[in-house]
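full-length UniProt numbering numbers the first residue of the sequence shown as 1 and each following residue consecutively. Glycine is no exception: its CB is placed at the ideal position from the N, C-alpha and C atoms.
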Amino acid sequence: MSLSRSPSPHPGGGWSSPGLTPGSGSSTPRGYSPSPASLAPGISWAAAKAKRDEVRGYPSFSTRNSGFFSRQKRRISARLPSFRGKHGYVDSYGHAHRAHALVHIYRRSPLGGGRKFVIILGSNVEGGVMEWKGAREWAIERNSIWNKQQYAKRWGYELEVANMLAKKRYSHEWRESWEKSDMIRDAMRKYPQAEWFWWLDLNSWIMEYDTSLQSHIFNHLDRVYRDINEYNPMNITHPLSEFYLDDLGRALEGDGNPDSLNMLLTQDCAGFNLGSFFLRRSLWTDRLLDSWWDPVMYEQMHMNWEHKEQDAFEYIYQSQPWVRSSVGFLPQRSINSFPPGACGENNPTIHYQEKDRDMVVNMAGCMFGRDCWSEIHDFRELSNKLNRSLWAQLVDSWRGGYKSAADADDADGQ
């Protein structure tokens with residue numbers, strides 16, 4: 001039984017069938033030198049090529065693209081640099097990727113300033129001995145970490161995901177939220193070149209990826225206020241007036257020098273809120289963290305402190321004059337906006353305002369009678385909508401409005 005053989009390739013490339021070189025992209029087969037024997041009788045390669053050119057030539061349009069502007073356009077195009085991949089085609093994606101990499105390198109350089117900032121995100125809240133995490137808790141954690149990763153990557157910041165696993169520090173207690181001070185100290189050791197450390201709770205969402213910390217806060221530290229009387233929900237007496245204090249201890253605004261600010265935080269309707277705050281690497285910060293983590297003070301006061309580390313810091317702020325001069329306050333909505341339902345409803349100084357494009361939303365207290373996942377999901381979709389590209393906005397307007405990814409999936413399913 002005889003079997004028909006498929007044509008074999010030539011050593012230099014191309015197949016034995018005349019003129020067929022699949023995928024070669026050239027008019028002449030690769031490595032193929034035509035001989036009279038390889039073509040049909042009486043047909044030469046030059047004759048076949050001329051016949052093909054005659055078919056492709058459209059004489060009636062032979063003068064097209066030969067005008068002045070076309071010649072100038074070709075001349076300019078020829079002088080532009082070309083970025084080609086290893087296979088010869090224009091590598092537009094690779095060029096864009098290289099440009100993005102250069103921007104990232106610049107932002108992480110001393111000139112860009114990205115390495116000065118570390119974002120510390122508390123994760124795995126109550127994921128240890130306290131309770132098992134369900135699907136919604138995993139979804140919150142996964143989305144929140146992704147959100148901070150995207151923001152940190154865009155601006156060249158470091159991201160440290162701190163494990164808030166509930167564990168015993170002593171024989172009779174858990175000090176879960178108190179571990180913030182210990183984790184901040186660990187991050188300072190891990191990133192010795194960083195200057196500012198931004199703590200964010202897990203139930204938070206960065207809304208504006210295009211806003212850097214430098215442009216939003218740190219290029220304008222002179223706008224930070226230290227006089228707590230501007231907004232004082234706890235009615236803390238300020239400044240202190242004891243006779244034994246020096247001028248700095250009795251000053252209303254400290255020394256007024258932005259370089260002496262070592263902590264930035266906000267206040268909500270109940271007082272200090274540590275769901276989003278900044279600490280600066282300094283001797284002052286080392287001293288504060290030592291006091292904050294002091295087990296002696298904890299043993300004496302922890303039964304009276306409902307909000308744990310926040311109440312502890314309020315106590316330190318009120319009782320230690322050296323703390324006040326280095327603590328600066330930001331408007332709450334600058335780094336710590338609340339959703340409706342936290343601290344009341346629709347308070348323009350506290351709650352997120354879409355028209356003002358607040359940078360961060362903190363779903364504070366959502367585990368007490370509210371739905372953390374629903375709130376994070378809603379603000380995630382709102383952030384996606386607000387940060388669409390101009391082209392995406394035009395497409396959405398043509399289609400009749402913005403649709404979230406979930407809405408699109410539902411439409412496809414129907």
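Out of the options, point me to the one whose CA is closest to residue i's CA.
i	options	result
Arg226	Leu265, Ser212, Gly400	Leu265
Ser144	Ile184, Leu165, Trp155, Asn124	Asn124
His377	Ser389, Met363, Leu390	Met363
Pro192	Gln320, Ser276, Arg115	Arg115
Glu230	Trp391, Pro110, Leu330	Leu330
Arg142	Gly156, Val161, Tyr157	Val161
Trp284	Ser326, Leu240, Trp196	Ser326
Thr211	Tyr402, Pro258, Leu386	Leu386
Met263	Ser276, Leu252, Ala270	Ser276
Ser215	Lys190, Asn232, Gly113	Gly113
Glu354	Gly344, Asp396, Asn384	Asn384
Glu253	Ile228, Ser319, Glu242, Asn232	Ile228
Ile105	Glu137, Ala135, Ala152	Ala152
Asp186	Gln310, Glu381, Asp286	Asp286
Ser241	Leu394, Ser319, Glu309	Ser319
Asn232	Leu382, Leu394, Ala270, Gly256	Ala270
Ser109	Ala194, Glu381, Met183	Ala194
Asp182	Glu309, Trp138, Glu137	Glu309
Answer with buried or exposed for residue i, where buried requires no fewer than 16 other C-beta atoms within 10 angstroms of its C-beta.
i	result
Lys180	buried
Pro339	buried
Trp146	exposed
Leu102	exposed
Asn163	exposed
Asp268	buried
Met367	exposed
Gly400	exposed
Ile350	buried
Trp196	buried
Phe150	Phe is not the amino acid found at residue 150; the sequence shown has Gln there. So Gln150 counts as exposed.
Gly25	Here Gly25 scores only 45 on pLDDT, less than 50, and its place in the model should not be relied on; the value that follows carries that caveat. It is exposed - the Cβ of Gly25 has fewer than 16 other Cβ atoms within 10 Å.
Glu345	exposed
Gly328	buried
Ala135	exposed
Leu213	buried
Output needed for residue i: all residues of its chain with C-beta closer than 8 Å, excluding positions within five of it in sequence on either side, in chain order.
i	result
Asp356	Arg333
Ile316	Leu288, Ser291, Trp292, Val323
Ile140	Leu202, Asn203, Cys372, Trp373, Ile376
Phe313	Phe272, Leu274, Trp292
Ser397	none
Leu382	Met207, Glu354
Ala251	Pro239, Ser325
CB-CB under 7 Å to residue i, same chain, minus the five flanking residues each way: which ones, in chain order?
i	result
Asp358	Met207, Arg333, Ser337, Tyr352
Gly23	Residue placement at Gly23 cannot be trusted, given a pLDDT of 46 that sits under 50; the coordinates are not used to answer.
Leu221	Pro258, Leu261
Asp255	Leu248, Ser325
Using C-beta distances below 6 Å, list every residue in its chain close to residue i, excluding the 5 sequence neighbours before and after it, in chain order.
i	result
Phe379	Trp205, Val361
Trp198	Ile119, Phe278
Pro36	Summary for Pro36: the model assigns pLDDT 47, below 50, so the residue's position carries little reliability; its value from the coordinates is reported in the next sentence. Around Pro36: no qualifying Cβ.
Arg223	none
Lys148	Ile119, Leu121, Leu159
Leu390	none
Tyr402	Lys385, Asp396
Against chain C, does residue i count as a neighbour if the rule is that its beta carbon must be under 7 Å from one of theirs?
i	result
Arg287	Of the chains in the structure shown, none is chain C; there is only one protein chain.
Are the beta-carbon atoms belonging to residue i and residue j less than 7 Å from one another?
i	j	result
Leu200	Leu261	no
Tyr209	Arg154	yes
Pro321	Gly249	yes
Arg281	Met188	yes
Ala342	Gly365	yes
Tyr157	Phe218	no
Taking contact to mean at least 3 C-beta pairs separated by less than 8 Å, is the stretch 230-240 in contact with the stretch 371-384? Segments in contact, no.
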